[in-house]
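Novice: According to the working numbering, the sequence shown is numbered sequentially starting from 3.
Cβ coordinates follow ideal geometry from the N, Cα and C atoms, glycine included.
Have a look at this one.
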Amino acid sequence: MRYFFEISYNGKQYHGWQSQANAVGVQAVVEEVFEKLFRKKIDIVGSGRTDTGVHCVRQYFHADFDHELDYPITLQKLNSFLPKTIAINSIHKVKPDAHARYSATERAYEYRITKVKNPFYQDYAYHFFKEVNVKTMNEAAALLLGEHDFQCFSKVKTDVNHFICDLKKARWNQKGDLLVFTIARSEEH
Numbered sequence: 003m004r005y006f007f008e009i010s011y012n013g014k015q016y017h018g019w020q021s022q023a024n025a026v027g028v029q030a031v032v033e034e035v036f037e038k039l040f041r042k043k044i045d046i047v048g049s050g051r052t053d054t055g056v057h058c059v060r061q062y063f064h065a066d067f068d069h070e071l072d073y074p075i076t077l078q079k080l081n082s083f084l085p086k087t088i089a090i091n092s093i094h095k096v097k098p099d100a101h102a103r104y105s106a107t108e109r110a111y112e113y114r115i116t117k118v119k120n121p122f123y124q125d126y127a128y129h130f131f132k133e134v135n136v137k138t139m140n141e142a143a144a145l146l147l148g149e150h151d152f153q154c155f156s157k158v159k160t161d162v163n164h165f166i167c168d169l170k171k172a173r174w175n176q177k178g179d180l181l182v183f184t185i186a187r188s189e190e191h
């Protein structure tokens, strides 16, 4: 039986999502907790990767089990074993062919800046001292909308076979002291 897990994490102390031989990723921490809880190795597949230090509000991964999970109890146990920097928000039973990466319909990212020096933002927003023109920034962001080839932003050695992204959203919004840039793309299947 396949389950999707919704996860959030503070990425400050992690080297991204994906497990790596020489660094701790969120995936490795979660797999270690799964092995402790279920008493066997369970591989998990993430919906995507994040870079070192990146925080995540909502990401999904899937895992396969040979038994039904009791959602509330499993959720409580997982969160009691996980460090304070990682939380499982929900568990959903899905069809056996549902895939956390390939069944995704959208990927969205937020980048935050602030002019206000606030110690609570230090790990979550870039402190920027100068005045910015949000209208002009949104005019520039609108140029990103639609289909574009992003190969120039790609790794040199990659297994990706195309670099076209269809950006559906690229916008700056004021949220209190924060100026938030949201960018989202649709997924092709």
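Across which residues does DSSP place L169 in a beta bridge pair?
Specialist: On the sequence shown, residue 169 is found 167 positions in, with the first residue counted as 1. Note: L169 sits in a beta bridge opposite G148 and R187.
Novice: Using a Cβ-Cβ cutoff of less than 7 Å, which residues in the same chain neighbour G18 once the five nearest sequence positions on both sides are dropped?
Specialist: Your numbering for residue 18 matches position 16 in the sequence shown. So the list reads G27, R51, T52, D53, T54 and V56, once near-sequence residues are dropped.
Novice: Starting from the C-beta of K119, find all residues in its chain whose C-beta is less than 7 Å away, skip the five residues before and the five after it, and write them out in chain order.
Specialist: As a first step, residue 119 is located in the sequence shown; it is residue number 117 there, counting from the start. Closer than 7 Å at the Cβ level, and outside the excluded window around K119, lie H129.
Novice: Below 8 Å on the Cβ atoms is my contact criterion, and I expect N91 with S10 to pass it. Report the Cβ-Cβ distance as a whole number of Å.
Specialist: Position 89 of the sequence shown, counted from the first residue, corresponds to residue 91. Position 8 of the sequence shown, counted from the first residue, corresponds to residue 10. Right, the Cβ-Cβ distance comes to about 6 Å (below 8 Å), so this counts as a contact.
Novice: Please classify H64 as buried or exposed, where buried requires at least 16 other C-beta atoms within 10 Å of its C-beta.
Specialist: For the purposes of this step, residue 64 is taken as the residue at position 62 of the sequence shown. H64 comes out buried.
Novice: Comparing C-alpha positions only, which one of A106, P121 and K171 sits nearest to F6?
Specialist: The residue you call residue 6 lines up with position 4 of the sequence shown. Nearest C-alpha to F6: A106.
Novice: Along the chain, where does the beta strand (DSSP E) that runs through Y5 open and close?
Specialist: Locating residue 5 in the sequence shown gives position 3, counting from the first residue. Looking at the DSSP string, the run of the beta strand (DSSP E) that includes Y5 is R4 to Y11.
Novice: Based on Cα-Cα distance, which residue from Q61, N140 and K43 lies nearest to S49?
Specialist: Counting from one through the sequence shown, the residue named residue 49 turns up at place 47. Ranking the options by Cα distance to S49, first place goes to Q61.
Novice: Could you check the C-alpha separation between Y104 and H94 for me, to the nearest Å?
Specialist: Taking the first residue of the sequence shown as 1, we reach residue 104 at position 102. Taking the first residue of the sequence shown as 1, we reach residue 94 at position 92. So the alpha carbons of these two residues sit roughly 17 Å apart.
Novice: I'd like the list of long-range same chain contacts for Q153, defined as Cβ closer than 8 Å, with 5 residues on each side in sequence excluded.
Specialist: What you label residue 153 is simply residue 151 of the sequence shown in a count that begins at 1. The answer, listed in chain order, is F165.
Novice: Can you tell which of K14, S156, I185 and Y73 has the C-alpha that lies nearest to the C-alpha of A110?
Specialist: In the sequence shown, counting from the first residue as 1, residue 110 sits at position 108. Ranking the options by Cα distance to A110, first place goes to I185.
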